[in-house]
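Residue numbers (the working numbering), protein chains in the order written: chain A, 0 to 361; chain B, 167 to 435; chain C, 17 to 290.
Where is the CB? At the ideal position from N, CA and C, for every residue including glycine.
Okay, structure first, notes after.
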Amino acid sequence: MHIPDGYLSPSTCVVLYGASAPFWYTALRRMKAALSTRVVPLLSVMAALSFVIMMFNLPLPGGTTGHAVGVGIATIILGPWASILAISMALGIQAVFFGDGGITTLGANSFNMAIVGSLVAFAVYRLISGSAPLASSRRIAAAALAGYTAINASALCAAVEFGIQPIYFKDASGAPLYAPYPLGIAVPAMMIGHLTFAGLAELVLSAGVVAYFQRTNPGLLKNTAPANVELGREEPGPAGWRALRPLWIALALLLVLTPLGILAAGTAWGEWTVRDFSSQQSRAKIAQASGNATPPAAAPRGLERLSAIWTAPFAQYAPSFVRRPAVGYLLSAMFGCGAILLVSLVAGSLATRARGRPYELS
Amino acid sequence: MNFLENSLAGFLNALEHALDAEDLARRRGLLQRLDPRIKVAGIAGLVIAAAMARRLWVIAAIFAVALLLAAASRISPILLARRVWIPVLFFTGIIALPAPFVIPGRIVWTFPWLGWAVTAQGLKSAAFLVSRVETAATLSVLLILSTPWNAVLKALRMLRVPVVVVVILGMAYRYIFLLLDNARDMLESRRSRMMGEMSGPDYRRMATASVGVLMSRSLQLGGDVYSAMLARGFQGEVYVLEDFRTAAFDWVMLSVFAALAAAAIYYGR
Amino acid sequence: MEDNQTPAPPAVFDVREITFRYRQVTALDHLSLAVSPGKRIALLGANGSGKSTLLRVLDGLAFPEKGEVVFFGEPLGEARLQNFEFACKFRRRVGLVFQNPDVQLFCPTVMDEVAFGPLQLQWPRERVQESVDKMLEVMKISHIKDRSPHHLSTGEKKRVALASVLVVDPEVLLLDEPTAALDPSSASQMIDFLVGLRGEGKTVVTATHDLDIVEDIADECFVFQAGQVAAQGTPNEILSRQSLLEQTHLLHAHRHIHGNNVTHSHPHLHSHKH
Chain A
0 MHIPDGYLSP
10 STCVVLYGAS
20 APFWYTALRR
30 MKAALSTRVV
40 PLLSVMAALS
50 FVIMMFNLPL
60 PGGTTGHAVG
70 VGIATIILGP
80 WASILAISMA
90 LGIQAVFFGD
100 GGITTLGANS
110 FNMAIVGSLV
120 AFAVYRLISG
130 SAPLASSRRI
140 AAAALAGYTA
150 INASALCAAV
160 EFGIQPIYFK
170 DASGAPLYAP
180 YPLGIAVPAM
190 MIGHLTFAGL
200 AELVLSAGVV
210 AYFQRTNPGL
220 LKNTAPANVE
230 LGREEPGPAG
240 WRALRPLWIA
250 LALLLVLTPL
260 GILAAGTAWG
270 EWTVRDFSSQ
280 QSRAKIAQAS
290 GNATPPAAAP
300 RGLERLSAIW
310 TAPFAQYAPS
320 FVRRPAVGYL
330 LSAMFGCGAI
340 LLVSLVAGSL
350 ATRARGRPYE
360 LS
Chain B
167 MNFLENSLAG
177 FLNALEHALD
187 AEDLARRRGL
197 LQRLDPRIKV
207 AGIAGLVIAA
217 AMARRLWVIA
227 AIFAVALLLA
237 AASRISPILL
247 ARRVWIPVLF
257 FTGIIALPAP
267 FVIPGRIVWT
277 FPWLGWAVTA
287 QGLKSAAFLV
297 SRVETAATLS
307 VLLILSTPWN
317 AVLKALRMLR
327 VPVVVVVILG
337 MAYRYIFLLL
347 DNARDMLESR
357 RSRMMGEMSG
367 PDYRRMATAS
377 VGVLMSRSLQ
387 LGGDVYSAML
397 ARGFQGEVYV
407 LEDFRTAAFD
417 WVMLSVFAAL
427 AAAAIYYGR
Chain C
17 MEDNQTPAPP
27 AVFDVREITF
37 RYRQVTALDH
47 LSLAVSPGKR
57 IALLGANGSG
67 KSTLLRVLDG
77 LAFPEKGEVV
87 FFGEPLGEAR
97 LQNFEFACKF
107 RRRVGLVFQN
117 PDVQLFCPTV
127 MDEVAFGPLQ
137 LQWPRERVQE
147 SVDKMLEVMK
157 ISHIKDRSPH
167 HLSTGEKKRV
177 ALASVLVVDP
187 EVLLLDEPTA
197 ALDPSSASQM
207 IDFLVGLRGE
217 GKTVVTATHD
227 LDIVEDIADE
237 CFVFQAGQVA
247 AQGTPNEILS
257 RQSLLEQTHL
267 LHAHRHIHGN
277 NVTHSHPHLH
287 SHKH
């Protein structure tokens, strides 16, 4: 998700620096107004914290691990403006000090992760948590979804930035100069990883930390709750996490059912690729020549076969883009992810019954 | 177990990188001698030139310049390979791998049995991506390996980055290490107390609780640091020492950087 | 200051009946005490007895909800410290060394750290440079001036923290647990330094629970308990009152089994090295 130097053309970088600048400016002004002189130490410490959070390796359901950006939890505790600044600064330090991300792409990375991420997380969190008491399990669900949505919105932005590179930036022979893949490949390729691992890492982190604060220091959640919200009487903790289970189930079902959803919304998605290559034909040829299994990307073999299963039924009536292998990957990945979630939920509740104690996750 | 180990390895890697940088920045060499402002401006210029180039040989030439700078600054290629080249190749290489097959264009070769076609344009675009990313990453790592972080900050200040941003970056960098140490202590004490296997949910609870603890501590720390700043006369505006002495050599190198970047941009059109 | 007709000079700090609450906990409870100029005061108390809070109040970082603190005849209020002129004057005259050097050392390098105070007080650049160089020399930290505070040992951090406060040459020095977390040799270095301050006529207020150092660093002690002053006296008087020290958790019963006889003015906890 950290776009390194070299993936985006200088003009794209300039545009995204330009797009970020007003947000940075507004955020800094708002923070100064709200915190006056306290803004300097607080933002410093928060930027340091975001940096450290990005290094945490989080265990995910299904036995894998992933890294979170921390944008969900940063937004919930600090509010969107402080989160924008803290994460942007952390990205800046990462770019300059560790060469993680890039100097020219700092604007893009901040735009995607810090700005889009924080604003989306804030909107989702406020929308779902509403005026629920601070200790209510609804806030955990809201945090989970805020983190998950935010990171995927960021990934989508990055994917679109990648995807437009080959449209505008080619050398004389037609070879793409920067990120080489068009939207049709870039979007699904980015989204697979984020709808699954990175998204789940963010989800686990946001929900887990909110649950932790509900037990230890609910006052910290006041920042992004409506002014008159009360603490709430219900016992948080394990109960909170159990209440989160419907959300997991809903998410799993949603993922399993996405292929249908995409089919229904086919035309809307199709628009992503309207401006696609004039050479679509030739790529289709390559795809056919290789047994309908291009691109031989980093995607595992099993996925490839799954993708054929998904794309096959669409052959007759779906819009042509659905038949693309790339879409197949996306659908298979979402299906796979949903299936893994469902299985681990079932396994979890079985194990709970066997052990005779409630299923805790916090 | 691997979650704990991976996190710890990440923290250690960051600390080690910082120590490497502090150590190398104190050696005597070309880049170490330069005024940080000129170094930041010069290297940024080369990175931008590398990002703009539309010809592979120009990118290769900038990479060669980076290698020369490294050699003149006593930064070993082994360190660069370990810190930059191999990780970048691994990450970007995998991303570039399908390009020769996916990008449409003139077919130069076909895989004997599979029938996959490799295009000239695809090969070229993969080469562009990998070389550009390697070059830019090498340059930015050279900058940090030859410059103490506080000098980078001061250079940013001189390059008209607002003082409040520079001060925050400086404090953030300082507290990153405190928090990394904190995080490491938490995980290590956890590891030492661990008996047998931990279940996935237990792992998750522990990881998120660790982040929660770190977050509470950070908020507390932010307040305490604020008091410490007030106690020494901070009233909202931060003033910093700015002592830069540029020698003739700095100006020579600045013109060298400028000429190189300009030439690269011209020939790379 | 006009009504200053009393023969004695005004107290550095005149603390009048202050109450301070931190969330629900009462940290200071109708506390009164006075600090006269040039005196070296020790605030003794177990953790949580309110001595750190008092230092923060004396340094104008926290403000009591009841009562007032008068600094050289001028009340020390939140509004007063908003005034730029007064704040500069006050910060120049009073310095606080925090217990945790990681809180105090927030700058990228040791040099920046020591220069922070004088720069905020808007001294001219040459004077800043001059005093910083001198202070680095005095505290023997010149060789680490370009290092990041993170990479220093605890002893070095404490010295840098002290240097960063002493650089503006405050006449009142507030110290919070100056020897906490130090190894014995760094601690004795620190004590030597604090003993050396006696000759400079500074007013020094030290909060500590380390009874070993009290005789060396203080002329007068206040024993704190639950946000109030439980006792007051010279180090000798206080250290000889074993029951008081036990009652205020400054002394463990089993630790002074070896404190062999009552003819001594105070129980020996450890052998002193001077």
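Of the listed residues the options, nearest to residue i (C-alpha basis)
| i | options | result |
| --- | --- | --- |
| Thr301 (chain B) | B:Gly211, B:Gln401, B:Val406 and B:Ala187 | B:Gly211 |
| Pro26 (chain C) | C:Gly89, C:Gln40 and C:Asp45 | C:Gly89 |
| Gly171 (chain C) | C:Met155, C:Asp162 and C:Asp185 | C:Met155 |
| Gly370 (chain A) | A:Leu7, A:Gly146, A:Gly183 and A:His193 | Since the first and last residues shown for chain A are 0 and 361, residue 370 (chain A) lies out of range. |
| Cys12 (chain A) | A:Glu229, A:Leu194, A:Gly198 and A:Tyr177 | A:Tyr177 |
| Pro179 (chain A) | A:Ile163, A:Phe55 and A:Met190 | A:Ile163 |
| Pro117 (chain C) | B:Val391, B:Gly434, B:Val418 and B:Ala175 | B:Val391 |
| Tyr405 (chain B) | B:Ile334, B:Trp417, B:Ala429 and B:Leu181 | B:Ile334 |
| Ala216 (chain B) | B:Arg298, B:Ile261, B:Gly388 and B:Phe267 | B:Arg298 |
| Arg39 (chain C) | C:Ala58, C:Glu81 and C:Phe132 | C:Glu81 |
| Arg137 (chain A) | A:Leu59, A:Asn151, A:Thr103 and A:Gln213 | A:Gln213 |
Terminal residues of the alpha helix (DSSP H) in which residue i lies
| i | result |
| --- | --- |
| Gln93 (chain A) | Pro79 to Phe97 |
| Val406 (chain B) | That residue, Val406 (chain B), is in no alpha helix (DSSP H); it is neither H nor E in DSSP. |
| Ser169 (chain C) | Here Ser169 (chain C) belongs to no alpha helix (DSSP H), and DSSP marks it neither H nor E. |
| Ile346 (chain B) | Correcting the residue type first, residue 346 (chain B) is Leu in the shown sequence and not Ile. Here the alpha helix (DSSP H) through Leu346 (chain B) covers Val329 to Arg359. |
| Arg125 (chain A) | Gly116 to Ser128 |
Nearest-angstrom beta carbon gap, residue j and residue i [assumed within contact, 8 Å]
| i | j | result |
| --- | --- | --- |
| Phe415 (chain B) | Arg199 (chain B) | 7 Å |
| Val206 (chain B) | Leu295 (chain B) | That pair is no contact at about 26 Å. |
| Ala73 (chain A) | Ser82 (chain A) | 4 Å |
| Ala62 (chain C) | His265 (chain C) | 4 Å |
| Ala50 (chain C) | Val31 (chain C) | 7 Å |
| Ala234 (chain C) | Pro251 (chain C) | 6 Å |
| Leu84 (chain A) | Leu42 (chain A) | 6 Å |
| Phe22 (chain A) | Ile114 (chain A) | 5 Å |
| Gln136 (chain C) | Gly399 (chain B) | 4 Å |
| Leu385 (chain B) | Leu77 (chain C) | Not a contact, Cβ separation roughly 17 Å. |
| Ala338 (chain B) | Ala26 (chain A) | Not really, about 15 Å apart at Cβ, beyond 8 Å. |
| Thr125 (chain C) | Lys161 (chain C) | 7 Å |
Min CB distance residue i to chain C below 8 Å
| i | result |
| --- | --- |
| Tyr433 (chain B) | no |
| Val206 (chain B) | no |
| Arg193 (chain B) | no |
| Tyr405 (chain B) | yes |
Below-8 Å beta-carbon distance, residue i vs any chain A residue
| i | result |
| --- | --- |
| Met381 (chain B) | yes |
| Phe177 (chain B) | yes |
Unbroken beta strand (DSSP E) run spanning residue i, endpoints
| i | result |
| --- | --- |
| Phe238 (chain C) | Glu236 to Gln241 |
| Gln145 (chain C) | From DSSP, Gln145 (chain C) is part of no beta strand (DSSP E) but of the alpha helix (DSSP H) over Arg141 to Val154. |
| Gly366 (chain C) | Because chain C here runs from 17 to 290, residue 366 (chain C) falls outside it and cannot be looked at. |
| Ile241 (chain B) | Looking at the DSSP string, Ile241 (chain B) is not in any beta strand (DSSP E), and its letter there is neither H nor E. |
| Val113 (chain C) | Val110 to Val113 |
| Ala216 (chain B) | First-last for Ala216 (chain B): Pro202 to Met218, but that is the alpha helix (DSSP H), not the beta strand (DSSP E). |
| Ser172 (chain A) | Here Ser172 (chain A) belongs to no beta strand (DSSP E), and DSSP marks it neither H nor E. |
| Gln205 (chain C) | Taken as a continuous stretch (DSSP letters only), Gln205 (chain C) belongs to no beta strand (DSSP E), being part of the alpha helix (DSSP H) at Pro200 to Gly212. |
Cutoff 8 Å: residue i Cβ touching any chain B Cβ
| i | result |
| --- | --- |
| Phe96 (chain A) | yes |
| Phe240 (chain C) | no |
| Arg37 (chain A) | yes |
| Asn108 (chain A) | no |
| Gly260 (chain A) | For Gly260 (chain A), the predicted structure reports a pLDDT of 46, less than 50, and the residue's modelled location is therefore unreliable. A value from the coordinates is still provided. No, Gly260 (chain A) lies away from the interface with chain B (no Cβ there is under 8 Å from its Cβ). |
| Trp271 (chain A) | The predicted position of Trp271 (chain A) is uncertain, since its pLDDT is 32 and thus under 50; no value can be drawn from it. |
Within 9 Å of chain B by C-beta, residues of the segment 125-159 of chain C in sequence order | Interface annotation for the segment 125-159 of chain C against chain B: Thr125, Met127, Asp128, Ala131, Phe132, Gly133, Pro134, Leu135, Gln136, Leu137, Gln138, Arg141, Val144, Gln145 and Val148, criterion Cβ-Cβ distance under 9 Å.
Check distances from the C-beta atoms of the segment 293-320 of chain B to those of chain A and list, in chain order, the residues that come in under 9 Å.
-> If the cut-off is 9 Å between Cβ atoms, the segment 293-320 of chain B has Ala293, Phe294, Leu295, Val296, Ser297, Arg298, Val299, Glu300, Thr301, Ala302, Ala303, Thr304, Leu305, Ser306, Val307, Leu309, Ile310, Trp315 and Val318 near chain A.
Chain B contacts from the segment 195-209 of chain C (Cβ-Cβ distance under 8 Å) | Residues: none.
Contacting positions in the segment 212-237 of chain B - beta carbon closer than 7 Å to chain A = Within the segment 212-237 of chain B, the qualifying residues are Val213, Ile214, Ala217, Met218 and Arg220.
Proximal residues, the segment 325-356 of chain B versus chain A, C-beta separation under 7 Å = Within the segment 325-356 of chain B, the qualifying residues are Val330, Val333, Ile334, Leu335, Met337, Ala338, Tyr339, Tyr341, Ile342, Leu345, Leu346 and Ala349.
According to a CB-to-CB cut-off of less than 8 Å, which residues of the segment 43-56 of chain A neighbour chain B?
-> Answer set for the segment 43-56 of chain A: Ser43, Val44, Met45, Ala46, Ala47, Leu48, Phe50, Val51, Ile52, Met54, Phe55 and Asn56.
When you check each C-beta in the segment 381-395 of chain B against every C-beta of chain C, which residues fall closer than 8 Å?
-> Within the segment 381-395 of chain B, the qualifying residues are Leu387, Asp390, Val391, Ser393, Ala394 and Met395.
Which residues, in order along the segment 367-378 of chain B, keep a beta-carbon less than 8 Å from a beta-carbon of chain C?
-> Correct list: empty, as no residue qualifies.
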